[in-house]
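Working notes, beginning with the structure itself.
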Amino acid sequence: MRVRKELLGAGAVVLAALTAFVFPGLGRAATDPTPVPTPVPAATPCMTGPTRSGDAPTAPGTPEVVSVLMNTAELRWAPAADPDGIACYEVMEEAGGLLKLRATFQFPLATEGTVTLPFPPYGVASETHTLYVRAVDTKGVPGPLSEPVTVTVYNDVLPASPSPSTAPIPPSCHVNYTSTSWQGGMSTSIAVTNTGSRIIPGWHLPFVFPSGGQHVTSGWSAQWTQSGSNVDAQGYEWNRDLAPGQTLYIGFTGTNTGTNPAPAFFSVNGVKCT
1035 MRVRKELLGA GAVVLAALTA FVFPGLGRAA TDPTPVPTPV PAATPCMTGP
1085 TRSGDAPTAP GTPEVVSVLM NTAELRWAPA ADPDGIACYE VMEEAGGLLK
1135 LRATFQFPLA TEGTVTLPFP PYGVASETHT LYVRAVDTKG VPGPLSEPVT
1185 VTVYNDVLPA SPSPSTAPIP PSCHVNYTST SWQGGMSTSI AVTNTGSRII
1235 PGWHLPFVFP SGGQHVTSGW SAQWTQSGSN VDAQGYEWNR DLAPGQTLYI
1285 GFTGTNTGTN PAPAFFSVNG VKCT
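Using this note's numbering, the first residue of the sequence shown is number 1035, and each one after it goes up by one.
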């Protein structure tokens, strides 16, 4: 039996060799003359995962409103610069003292784009949106905001007979922000003054850190919360109301990743402060 198996094995080798010699097409696949395309690398993602440290891009140029059609605005801006390369541009809207992402353009060379904005609520004739552009580099580090541009969206549906109403007088305020920083840390003092003629009840002060590496660790004279780059300070029961002419002194200590720029703007109860 063993001799027979060896003979059969030898015969199979000979048969395979003859097949390859006489019928070369059966011994291997025919060469495909069509070249295999080289895979195109995926585009660099924009702001995926936690923000990494590194040099931030420069601010883009002030956006220019090219056109407005109903609630769609076309913007144009000068490009930002970064040694690591630009991954994308983000169009942000300031709303209630916080920043909302309205559009992302993931083409590094894009300096123009279309942004869709919400219509005003029913019964409101128009709404003005304050927009900024910022660049994000290939390491996920966002740059500072550009100078703002405003876009007004008009309501095409209004009530036939709007009922008259008396709008409350909005608050008026002034904020003085002073921060001392060192390697990896900072200490910040904020003076909030009611410059209006009425009490500001239940005040809260939201603002946005320009750098993704700035974080509040502890604070005083206010209840401090942070989500991403958005920070909010609210009064306690004993200092929740701000009288006309009164100045409230609050502050916090925190950490940073090498840069500690001041926020671009502040607001109290949804109204921007000077």
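Beta carbons: idealized from backbone N, C-alpha and C, even for Gly.
Determine the direct distance from the alpha carbon of residue j to that of residue i, and round the result to whole angstroms.
i     : j     : result
N1273 : V1250 : 21 Å
N1189 : P1094 : 31 Å
V1102 : T1148 : 9 Å
F1139 : N1264 : 22 Å
T1214 : Q1248 : 13 Å
I1234 : L1179 : 29 Å
G1338 : S1261 : Look at the range of the chain in this structure, 1035 to 1308, and you will see that residue 1338 is not part of it.
P1295 : N1105 : 33 Å
A1121 : D1275 : 44 Å
G1285 : V1209 : 12 Å
T1092 : A1169 : 8 Å
E1271 : A1256 : 10 Å
What's the call for residue i, buried or exposed, on a 16-neighbour Cβ count within 10 Å?
i     : result
Y1123 : buried
W1254 : exposed
E1128 : buried
W1258 : buried
Y1283 : exposed
G1246 : buried
P1117 : exposed
P1297 : buried
V1158 : exposed
L1135 : exposed
G1236 : exposed
Beta-carbon within less than 6 Å of residue i's beta-carbon, same chain only, minus the 5 sequence neighbours each way: which residues are those?
i     : result
S1206 : T1229, G1230
G1131 : P1240, S1301
T1212 : S1223
T1096 : S1180, E1181
With which residues is residue i paired in a DSSP beta bridge?
i     : result
P1176 : V1170
M1126 : L1135, Y1166
R1110 : E1098, E1146
Q1257 : Q1268
L1276 : I1234
M1220 : S1215, G1288
Just to confirm my understanding: we take residue i, look at its own chain, exclude 5 residues before and 5 after, and list those with CB closer than 8 Å. What are they?
i     : result
P1154 : S1160, E1161, V1187, Y1188, N1189
A1090 : D1116, D1171, V1175, P1176, G1177, P1178, S1245, T1293
Suppose the cutoff is 7 Å on Cβ atoms and the five residues either side in sequence are ignored; what does the same chain contact list for residue i look like?
i     : result
V1099 : A1107, L1109, V1183, V1185
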